[in-house]
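In this note's numbering, the protein residues as written are 2 to 421.
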């Protein structure tokens with residue numbers, strides 16, 4: 002953290018400037034924004050973000066080189082949701098990090114989650130510009146990573162999403178996109194790249210091609226899909242797609258759906274067992290924990306576990322997480338033995354227990370110290386390399402960092418990182 006910039010921002014902050022921020026981001030993104038935007042960005046050293054970016058990339062490269070891991074992850078894809086024409090690598094990657102206090106007293110990063118799925122690549126740029134304008138931030142502050150600037154960032158995003166295809170033959174596909182909280186990102190993406198936004202459930206197969214209806218109702222062929230639909234929402238909403246995802250349609254995917262499963266929370270127990278990555282917290286699948294081997298691994302890794310194993314035993318140093326959920330859904334703190342045993346035996350491999358990370362509050366605000374979770378956003382175009390592009394931040398003071406979990410608080414929510 003850069004204390005001089007933090008102090009200057011807090012001193013100059015006004016409610017009027019915050020209102021201008023909200024109004025500006027609404028204008029830029031065809032709002033209103035349906036999640037809480039924090040009153041402040043954070044100010045950090047570029048070397049800090051670069052270090053996080055390198056850690057996330059190192060984890061991804063390790064997973065992609067591990068054939069046993071990829072085979073195990075593929076077996077976890079729900080039946081009927083494995084999609085044909087899988088790409089050689091994910092086009093998008095996110096890595097979320099917490100700052101925790103190590104036993105030595107040092108502040109160190111810890112991986113919260115890694116996911117091969119798009120994030121709000123377009124919205125986040127507009128949020129940074131809105132912060133800069135509303136609070137008159139120094140022009141010397143940077144936001145882009147990987148050697149990118151404003152122009153090359155949008156070029157790389159265009160290259161990754163369109164893959165050289167014509168705009169009218171590339172669609173951004175999501176479940177009921179107009180009513181998603183991430184619609185502001187969809188709107189900016191559509192405006193900047195010229196691609197239409199469509200409901201994935203409205204696609205129409207004709208021959209071996211998928212089609213969409215354009216603004217005039219004309220049936221138009223799709224060459225490439227920028228996929229923003231996640232399987233757990235399709236399952237939760239009981240959405241029946243009008244095409245078979247397993248059929249090898251004549252279409253490319255930007256963000257192939259299989260990678261959502263192949264690089265996900267499923268990887269954390271594998272990464273933690275490798276012992277190569279101190280950034281990864283100890284974690285095991287619930288099936289292994291209840292069988293005993295996982296419990297022993299956590300104990301050997303320094304996780305504080307009670308000596309008893311009765312139903313009322315509570316694991317205060319553990320989190321219970323479903324593997325394939327988004328935005329923190331389904332996470333439980335301090336699960337009991339009875340709660341773990343209540344998961345049907347056939348489903349226990351779809352959950353993990355991991356050492357609970359206690360975020361260190363590091364952001365000085367008028368309401369006290371606030372915690373920050375930092376996400377690195379990566380782009381990986383066809384024929385290109387994995388590139389850290391920018392970051393986003395979530396500020397919070399509760400157990401959970403997601404914006405949905407901090408609605409009643411101030412100086413928390415969706416935020417951004419500026420570096421020097």
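For every residue, glycine included, the Cβ atom is placed at its ideal position computed from N, Cα and C.
Using DSSP bridges, identify the partner residues of residue 45. 420
Please return the same chain residues whose Cβ sits closer than 7 Å to the Cβ of residue 109, not counting the five positions on each side in sequence. 101, 103
Tell me which residue opens and which closes the alpha helix (DSSP H) that residue 92 is part of. Unbroken run through residue 92: none, as it is neither H nor E.
Distance between beta carbons of residue 53 and residue 364, contact taken as under 8 Å: The Cβ separation is near 16 Å, so there is no contact.
On the DSSP bridge assignment, give the partners of residue 391 in chain order. 145, 378
Extract the residue ranges of the alpha helix (DSSP H) inside the stretch 288-337, only unbroken runs of 4 or more that lie entirely within it. 294-301
Opposite residue 372 in the DSSP bridges: which residues? 397
How is the beta strand (DSSP E) around residue 174 delimited, first residue to last? Note, residue 174: beta strand (DSSP E), 171-175.
Is residue 258 buried or exposed, if buried means 16 or more other CB atoms sit within 10 Å of its CB? buried
Quick check on this structure: which residue in 193, 180, 208 has the alpha carbon closest to the alpha carbon of residue 199? The residue with the shortest Cα to Cα distance from residue 199 is 180.
Return the chain-ordered list of same chain residues with a C-beta closer than 6 Å to the C-beta of residue 241, the five sequence neighbours on each side being excluded. none
Taking Cβ to Cβ, would you say residue 283 is nearer than 7 Å to residue 356? yes
For the alpha helix (DSSP H) containing residue 236, name the first residue and the last one. From DSSP, the alpha helix (DSSP H) with residue 236 extends over 232-237.
For a test of the three-state rule: what should DSSP assign to residue 254, helix, strand or coil? strand
Do you know how far the Cα of residue 217 is from the Cα of residue 86? 30 Å
Under the DSSP definition of a beta bridge, which residues are partnered with residue 101? Residue pairing by DSSP places residue 101 opposite 109 in a beta bridge.
Determine whether the Cβ of residue 142 lies closer than 7 Å to any Cβ atom of chain B. Looking at the structure shown, chain B is missing, and only one protein chain is on hand.
Out of curiosity, what's the CA-to-CA distance linking residue 235 and residue 79? 12 Å
Quick one: what's residue 15 bridged to in DSSP? Looking at the DSSP assignment, residue 15 forms no beta bridge with any residue, so it has no partner.
Beta-carbon within less than 7 Å of residue 262's beta-carbon, same chain only, minus the 5 sequence neighbours each way: which residues are those? 74, 77, 78, 325, listed in sequence order.
Closest to residue 348 by C-alpha separation, out of 123, 392, 323, would be which residue? Minimum Cα distance to residue 348 is reached at 323.
Candidates 15, 69, 399, of which the one nearest residue 275 by Cα: 69
Could you tell me whether the Cβ atoms of residue 270 and residue 285 are closer together than 7 Å? yes
Alpha carbon to alpha carbon, how far is residue 154 from residue 56? 21 Å
Top-ranked residue by Cα proximity to residue 422, from 107, 111, 117: Because the chain spans 2 through 421 in this model, residue 422 falls outside it and cannot be assessed.
Tell me which residues share the same chain as residue 206 and place their Cβ nearer than 8 Å to its Cβ, disregarding the 5 neighbours each side in the sequence. The answer, listed in chain order, is 212, 243, 244, 250.
Start and end residues, beta strand (DSSP E) containing residue 227: 225-228
Is residue 212 helix, strand or coil when you go by DSSP? strand
In the DSSP output, what is residue 116 paired with across the bridge? 95
Output the distance between the C-alpha atoms of residue 370 and residue 196, rounded to the nearest integer angstrom. 42 Å
Assumed close pair residue 255, residue 225 - CB separation to whole angstroms, cut-off 8 Å: 6 Å
Cα-Cα separation, residue 91 to residue 331: Cα-Cα distance, rounded: 25 Å.
Does the count of Cβ pairs from the stretch 130-149 and the stretch 412-420 closer than 8 Å reach three? yes
Segment limits, alpha helix (DSSP H) that includes residue 154: 151-163
What is the residue span of the alpha helix (DSSP H) that residue 125 lies within? Counting along the chain, the unbroken alpha helix (DSSP H) around residue 125 starts and ends at 122-136.
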